[in-house]
Structures are given as structure tokens and as C-alpha cells.
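Undergrad: According to the working numbering, the sequence shown holds residues 6 to 280 in order. Using N, Cα and C, we set each Cβ at its ideal position, and we do this for glycine too. Since we're looking at a predicted model, the values are computed, not measured. Structure provided below as C-alpha cells; questions to follow.
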Amino acid sequence: MKLKEKLRELTQLKKGLLATNYYDLETLHGVLQAAADLKQPVILQLTQSSIDYMGLKTAVNLGRNGLEEFGVEGWIHLDHGGSLDLVQRCLDAGFDSVMIDGSELPFEENVRLTREVVERAKQYNVHVEAELGYVAKLGQSHHTTGFTQPDEAAAFVEETGVDALAVAIGTAHGFYKEEPKLDINLLRKIADRTAATLVLHGSSGVPHTQVQQAISNGICKVNLATEIKNIFMASLKAELTNNQDIDLRKVFPRATCKITELVKTKLEMVENVMG
């Protein structure tokens, strides 16, 4: 099934679709084992940093081969694409979905950039995500003045024809210093104004009940990245403290298993939404 169709189906069912970043073989396998065990679909996301680290062809092939090997329904997505050049490379590489992030640009420039990506993606029949509003990056503060506004969201989707829209309703990338409070009322208004799939970035550390409430009120795609990196590295550090084994093939899987445990809880979170 094409990603756009899957997202539309799940939105109607008030269920979420988890989108997880992967950074290497270990993080990929940790995610895919969870999806395979629970028989749930998943979006596999790559940022420019991960593409630069692994190489574009290697990164995509890892994802594609992993989905086939684990028997998981899934899609490859460019997360936070920052340039037309990167988007074009990903389109040519066979991505199922690309995100162009013009959220820090003035509204009209964001519209122009996103519209260009949408036009290019049509030639490949590829799903497009954009972002409107201020979802704080790691180390930045998040504030209500940058929240996505319903009227602007409606105009943005209408003018660009974008398939999915990441909205700012109180989340941030990275870990939170205090528990976030999602503006569900604002989300509901945005959902009422646009038919685009709504995306929640920065779900790491957000209480599951709040994420589920967001899904009940319009969110479908839920991004997860920071918690994956954190649990892998924390587990690996703990393992290496009292382990002299130099065979990484024996050491890494113990940290990979922790990713699987984490992702299972997140897959259950997006699947088991009540009302």
C-alpha cells in the first residue's frame, strides 16, 4: 500500500503510524524486530546526518532489505530534508516519502519551497511532508508563539498541495526539562481545517496518554528518534563497563534488544488508542 493511502486509512481509524529514525544496522534491526513481533507497519526515517554517515545507497538498501528480511510493511522517508538537492537525491534513490523542512523560513518562502518539492515528487508518485510552525530543536526553548495556526495551516496545504503537515502544538526535538503539555484544542482546530495527514514531531519523552490523545484528535504519523539513540547508547555504555569482550557481534545485540523493547511500547501506544 502507498504511504498516503495507509496514513489516510489510519487517520480515519484514529490510529497512529510510528515513524522511527535509524542510524546503522543495530538501530534498524532493533526497530524492525519490534514491528515484526507485533506485526505492525512502520516508517523508517533517514536524516541528512544519517545519510552522510552511511552513504545514501547503503542507507536505503539497509532499510529495504531489512523490511523484506523481517517481513514488515514499511516505507523509507527523508526526515527534515533541508534542501532541494537532498530531496532530489532521495527521490532518485527510491524513497517512498520525503520531507522538506522550511519551517524556519517566512511563510511565503516555505510555501514556494514546499510547492516545488510537491511538483517534483509527483513525477515519482512520492508522498511529501512539510512543517509549519516552530517545533524547537535540541537545545532551543519551545514556546507557544511558534505554534501552528489553523488558518495558516489551511492556506499552506491549499497552496502547496502537500500530503502531510508536521504541526507545532507543544513538542520539541530532544529531551524535555519538564513534562510537555500538548495543545489538543489547537490540534483539533487544525485538523478541522485541513485534510492533510498531521504529523507529531518530538514524541520522545511525551507521556503516552498525551500522544494517544493527539492521535484521537487528528495526528496520525508519530516520529520517534531521540529515545532510540539514548536507550542504545545508555545500554551499550552499561554493557561495556563490565565487559571485556571485543566481539561487537556479541555486545551490540544486547543494546539492540533494548531498542526492540522500547519500540514495542511505542507501537502499542499508537495502535491502542481509545476514543
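(1) Would you say threonine 32 and isoleucine 233 are within 7 Å of each other, going by their C-beta atoms?
(2) How would you label isoleucine 105, buried or exposed, when you count the other beta carbons within 10 angstroms and need 16 or more for buried?
(3) Whose CA, out of Glu273, Asp97 and Gly76, lies closest to the CA of leucine 83?
(4) What runs of the alpha helix (DSSP H), each 4 residues or longer, lie entirely inside the region 32-103?
(5) Would you call the region 259-266 and the region 34-41 in contact, with 3 or more CB pairs under 8 Å?
(6) Helix, strand or coil for isoleucine 264? Go by DSSP, reduced to three states.
(7) CA-CA distance, serine 134 and aspartate 252?
(8) Let's test the definition: count the other Cβ atoms within 10 Å of the Cβ of phenylalanine 112 and tell me whether it reaches 16, buried, or not, exposed.
(9) Can you check which of these residues, Leu23, Glu109, Val123 and Asp42, is closest to isoleucine 290 by C-alpha distance?
(10) Would you be able to state if there are at least three C-beta pairs under 8 Å between the region 208-215 and the region 240-251?
(11) Using DSSP with H/G/I as helix, E/B as strand and the rest coil, what is alanine 243?
(12) Would the region 9-28 and the region 47-55 be scored as touching if the rule is three or more Cβ pairs under 8 Å?
(13) Using a Cβ-Cβ cutoff of less than 6 Å, which residues in the same chain neighbour alanine 171 once the five nearest sequence positions on both sides are dropped?
(14) Within 6 Å: the Cβ of alanine 243 and any heavy atom of the ligand MN?
(15) From what residue to what residue does the beta strand (DSSP E) around threonine 25 run?
(16) Counting Cβ pairs closer than 8 Å, one from the region 228-243 and one from the region 57-76, do we hit at least three?
(17) So, is leucine 1 buried or exposed, given that buried needs 16 or more other C-beta atoms within 10 angstroms?
(18) Distance check for valine 47 and valine 116, CA to CA, integer angstroms please.
(19) Since threonine 202 and aspartate 168 should fall inside the 8 Å C-beta cutoff, what is the C-beta to C-beta distance between them, to a whole number of angstroms?
TA: Inspection of the coordinates gives the following:
(1) For the pair threonine 32 and isoleucine 233, the CB atoms are nearer than the 7 Å cut-off.
(2) Under this definition isoleucine 105 is a buried residue.
(3) Ranking Glu273, Asp97 and Gly76 by Cα distance to leucine 83 puts Asp97 first.
(4) Uninterrupted alpha helix (DSSP H) stretches at least 4 residues long and entirely within the region 32-103 occur at 53-59, 61-75 and 89-97, given in chain order.
(5) Enough Cβ pairs lie closer than 8 Å, so yes.
(6) In this structure, isoleucine 264 counts as helix in the three-state DSSP scheme.
(7) Per the sequence shown, the amino acid found at residue 134 is glutamate instead of serine. So the alpha carbons of these two residues sit roughly 41 Å apart.
(8) Of the residues assessed, phenylalanine 112 falls on the exposed side of the cut-off, its CB having fewer than 16 other CB atoms within 10 angstroms.
(9) With the chain running from 6 to 280 in the structure shown, residue 290 is simply not present.
(10) Remark: fewer than three beta-carbon pairs, one from each stretch, lie closer than 8 Å, so the region 240-251 and the region 208-215 are not flagged as touching.
(11) Under the three-state reduction of DSSP, alanine 243 is assigned to helix.
(12) Output reads yes: the region 47-55 touches the region 9-28.
(13) Within the same chain, alanine 171 has close Cβ partners Glu136, Val204 and His206.
(14) Here there are no bound small molecules, and the ligand MN is not part of this structure.
(15) Boundaries of the beta strand (DSSP E) harbouring threonine 25: 22-26, taken from the DSSP string.
(16) Short answer: they don't touch.
(17) This structure does not reach residue 1, given that the chain is present from 6 up to 280, and the question cannot be answered.
(18) When rounded, the distance between both Cα atoms is 28 Å.
(19) Approximately 6 Å separates the beta-carbon atoms of threonine 202 and aspartate 168; this is inside 8 Å, confirming the contact.
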